[in-house]
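Chemist: Under the working numbering, residues 188 to 509 are what the sequence shown spells out, in order. In this text, a Cβ means the ideal position worked out from N, Cα and C, and glycines have one as well. All figures in this text were calculated on a predicted structure; none of them were measured in a lab.
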Amino acid sequence: MSYLEATNDLYREAALTPDVGLCCTTNPIWELPGLKIPKIMQEMNYGCGSTVHARDLSNNPKMLYVGVGGGMELLQFSYFNRQKGGVVGVDVVDEMLEASRKNFKTAEEENDWFKSEFVDLKKGDALNLPVEDNTIDVAAQNCLFNIFKEEDLKRAIEEMYRVLKPHGKLVMSDPTCEQEMNTTLRNDDRLRALCLSGSLPIKQYVKALTDVGFGTIEIRARKPYRILAPGAYPTEELIYIESIEVAAIKDPMPEDGPCVFTGKAAIYYGDEDYFDDKKGHVLLKNQPLAVCDKTAGALASIGRDDIFISESTFHYDGGGCC
188 MSYLEATNDL YREAALTPDV GLCCTTNPIW ELPGLKIPKI MQEMNYGCGS TVHARDLSNN
248 PKMLYVGVGG GMELLQFSYF NRQKGGVVGV DVVDEMLEAS RKNFKTAEEE NDWFKSEFVD
308 LKKGDALNLP VEDNTIDVAA QNCLFNIFKE EDLKRAIEEM YRVLKPHGKL VMSDPTCEQE
368 MNTTLRNDDR LRALCLSGSL PIKQYVKALT DVGFGTIEIR ARKPYRILAP GAYPTEELIY
428 IESIEVAAIK DPMPEDGPCV FTGKAAIYYG DEDYFDDKKG HVLLKNQPLA VCDKTAGALA
488 SIGRDDIFIS ESTFHYDGGG CC
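1) What residue range does the alpha helix (DSSP H) around E432 cover?
2) Going by the beta-carbon positions, is the gap between K437 and F401 smaller than 8 Å?
3) Straight-line CA distance for D493 to D464?
4) If contacts are defined as beta-carbon pairs under 8 Å, then S360 and T238 qualify, I think. What distance do you get, rounded to the angstrom?
5) The alpha helix (DSSP H) with Y461 in it runs from where to where?
6) What's the call for T403, buried or exposed, on a 16-neighbour Cβ count within 10 Å?
7) Let me make sure I understand the geometry here. Which of G257, L244, N246, P220 has the alpha-carbon closest to that of E230?
8) Could you give the distance in angstroms between the alpha-carbon of I334 and the alpha-carbon of F264?
9) Between K356 and the rest of its own chain, which residues show a CB-CB distance below 8 Å, the 5 nearest in sequence each way excluded?
10) State yes or no: is the C-beta of D312 within less than 8 Å of the C-beta of V279?
11) So what does DSSP say about R219, is it helix, strand or coil?
12) So does the stretch 463 to 482 actually touch the stretch 494 to 509, counting three or more Cβ pairs closer than 8 Å?
13) Just the C-alpha distance for T422 and L471, rounded to the nearest angstrom, thanks.
14) Could you check what DSSP says for L331 in three-state terms: helix, strand or coil?
15) Are the Cβ atoms of A202 and M259 separated by less than 8 Å?
16) Nearest to E304 by alpha carbon, out of D320, G273, F332, E297?
17) Going by DSSP, name the residue or residues bridged to I494.
18) Where H354 and M347 are concerned, what is the direct C-alpha to C-alpha distance, given to the nearest angstrom?
19) Using the beta-carbon count (16 or more within 10 Å), is E290 buried or exposed?
20) Within a Cβ cutoff of 8 Å, which residues of the same chain sit near D460, ignoring the five residues on either side of it in sequence?
21) How would you write the range of the beta strand (DSSP E) that F472 sits in, first residue to last?
22) Where does the unbroken alpha helix (DSSP H) through R349 begin, and where does it stop?
23) Quick one: Cα of A416 to Cα of E424, how far?
24) With a CB to CB cut of under 6 Å and the five nearest residues on each side skipped, what residues in its chain are close to N298?
25) Could you check which residue in K309, L191, G444 has the C-alpha nearest to that of K394?
26) Of the residues E218, T293, N268, G254, which one's Cα is nearest the Cα of M228?
27) Less than 8 Å between the C-beta atoms of Y412 and P362, yes or no?
28) So which of S488, A477, L314 has the shortest CA-CA distance to K341?
29) If the criterion is Cβ atoms closer than 8 Å, does the pair A453 and V478 meet it?
30) Skipping 5 residues on each side, what residues in its chain have a beta carbon closer than 6 Å to that of S497?
31) Can you give the Cα-Cα distance for L476 and S499, rounded to whole angstroms?
32) To the nearest angstrom, how far is it from the Cα of I389 to the Cα of K271?
Below is the structure:
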């Protein structure tokens, strides 16, 4: 049995018999006026964190979500796009698609504004998305890409890039690990399906995105996820896994490389009202400005003693300068 078959079997079982403890979520469900999440959707929330922020969903975006689970995030996204087929959900497991359809009927009963036709459920997988090129504003996946082996991961990211419109966003949440998982944890297909094997270090995760062509990367959050301890798992050392929330934006690739925001800020504290590097970066006195890692390096290289560059916080809320 391949690791993809093991993954399909795992989620087929979870569709037929909801498994509340299957995944370890790190964020609560969305609290929005008039939005009620059915209990069954909460029980089938098989992810490791939130994927999309409300600010990503302005102007009725066309959305794609891969790996539908119980349909909770599709319902949340529909709140911002109340149009027929405004949200597309893709899953390879027939039982999970059927469970979502059933759950949407329950959601209709609990939400006066919601109609099942808002969500277009499609059979397919992340490696061959049944979606046309350049048609999606916001694509998302939650705790899925980390299960893929290297070549499949590349293909999955390429597929997301293909379906996004220019400047569209791919928003994701996945476990990451600074250790090399394949050398510390047995390459077990079921462990990979459970997101406990195959996690990449953050730098490799970001590189996989920029290699495909995403010109802007935002690391929005980095949170504790799980400990894999000797005795409980096939490892001889303790492994610490984090959940990372990332937005990859289909911006043109700059000539000098991608803009990767890891939560760094620049602060000018000199004698003038502001500092202008004549390259598009204006720092107001004592006003922190979020900068990408590339810009942080360029500012630091100037060698001024009145500009402070913070370390990466791995928390970014937008509004920065690159």
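Modeler: Taking the geometry as given:
1) Here residue 432 is taken as the residue at index 245 of the sequence shown, counted from 1. Counting along the chain, E432 falls outside any alpha helix (DSSP H), though it belongs to the beta strand (DSSP E) covering 426 to 436.
2) Looking up residue 437 in the sequence shown gives position 250. Looking up residue 401 in the sequence shown gives position 214. Taking 8 Å as the Cβ cut-off, K437 and F401 qualify as a contacting pair.
3) Reading the sequence shown from its first residue, position 306 is the one you call residue 493. Reading the sequence shown from its first residue, position 277 is the one you call residue 464. Between D493 and D464, the C-alpha separation is close to 13 Å.
4) Stepping through the sequence shown from its first residue, residue 360 is reached at position 173. Stepping through the sequence shown from its first residue, residue 238 is reached at position 51. Sure, about 5 Å apart at Cβ, within 8 Å.
5) The residue you call residue 461 lines up with position 274 of the sequence shown. Element bounds for Y461: not the alpha helix (DSSP H) but the beta strand (DSSP E), 461 to 463.
6) For the purposes of this step, residue 403 is taken as the residue at position 216 of the sequence shown. Buried is the call here.
7) As a position in the sequence shown, residue 230 is number 43, starting the count at 1. Residue G257 is the option with its Cα nearest to E230.
8) The count along the sequence shown starts at 1 and reaches residue 334 at position 147. The count along the sequence shown starts at 1 and reaches residue 264 at position 77. Cα to Cα, the separation comes out at about 24 Å.
9) For the purposes of this step, residue 356 is identified with residue 169 of the sequence shown, where counting begins at 1. Around K356: D243, D324, V325, A326, A434, A435, I436, K437.
10) Looking up residue 312 in the sequence shown gives position 125. Looking up residue 279 in the sequence shown gives position 92. Yes. Within cutoff.
11) Locating residue 219 in the sequence shown gives position 32, counting from the first residue. For the record, residue 219 in the displayed sequence is Leu; it is not Arg. Here L219 sits in coil by DSSP.
12) yes
13) Taking the sequence shown and counting its residues from 1, the one referred to as residue 422 is at position 235. Taking the sequence shown and counting its residues from 1, the one referred to as residue 471 is at position 284. Taking the straight line from one Cα to the other gives about 50 Å.
14) Counting from 1 along the sequence shown, the entry for residue 331 is found at position 144. Residue state, collapsed to three classes: coil.
15) By 1-based counting over the sequence shown, the position of residue 202 is 15. By 1-based counting over the sequence shown, the position of residue 259 is 72. In this structure, M259 does not lie closer than 8 Å to A202 by Cβ.
16) In the sequence shown, residue 304 corresponds to position 117, counting from 1. It is G273 whose Cα lies nearest to the Cα of E304.
17) Indexing the sequence shown from 1 puts residue 494 at position 307. DSSP output for I494 lists Y455 as bridge partner(s).
18) Counting from one through the sequence shown, the residue named residue 354 turns up at place 167. Counting from one through the sequence shown, the residue named residue 347 turns up at place 160. Answer to the nearest angstrom: the Cα atoms are 13 Å apart.
19) Residue 290 sits at position 103 when you count from the first residue of the sequence shown. The amino acid at residue 290 is misidentified as Glu; the sequence shows Asn. By the neighbour-count rule (16 or more Cβ atoms within 10 Å), N290 is buried.
20) Here residue 460 corresponds to residue number 273 of the sequence shown, with the count starting at 1. So the list reads L471, K472, once near-sequence residues are dropped.
21) On the sequence shown, position 285 is the one that residue 472 refers to. For the sequence presented, residue 472 should be read as Lys rather than Phe. Run containing K472: none; DSSP gives neither H nor E here.
22) Residue 349 sits at position 162 when you count from the first residue of the sequence shown. It spans 337 to 350 - the alpha helix (DSSP H) in which R349 sits, taken as one unbroken run.
23) Counted from its first residue, the sequence shown places residue 416 at position 229. Counted from its first residue, the sequence shown places residue 424 at position 237. Taking the straight line joining both Cα atoms gives about 7 Å.
24) Position 111 of the sequence shown, counting from 1, holds the residue named residue 298. The residues are K223.
25) Stepping through the sequence shown from its first residue, residue 394 is reached at position 207. When each option's Cα is compared against that of K394, the closest is G444.
26) If you number the sequence shown from 1, residue 228 lands on position 41. The candidate whose alpha carbon is nearest that of M228 is T293.
27) Numbered from its first residue, the sequence shown carries residue 412 at position 225. Numbered from its first residue, the sequence shown carries residue 362 at position 175. A contact, by the Cβ cut-off of 8 Å.
28) Here residue 341 refers to the residue found at position 154 when the sequence shown is read from its first residue. Measuring from the Cα of K341, the nearest candidate turns out to be L314.
29) Along the sequence shown, read from residue 1 onward, the residue named residue 453 stands at position 266. Along the sequence shown, read from residue 1 onward, the residue named residue 478 stands at position 291. Yes, these two residues count as a Cβ contact at 8 Å.
30) Taking the first residue of the sequence shown as position 1, residue 497 is located at position 310. The answer, listed in chain order, is K451, A452.
31) As a working mapping, residue 476 is identified with position 289 in the sequence shown. As a working mapping, residue 499 is identified with position 312 in the sequence shown. Near 13 Å, if we compare the C-alpha coordinates of S499 and L476.
32) On the sequence shown, position 202 is the one that residue 389 refers to. On the sequence shown, position 84 is the one that residue 271 refers to. Whole-angstrom Cα-Cα distance: 37 Å.
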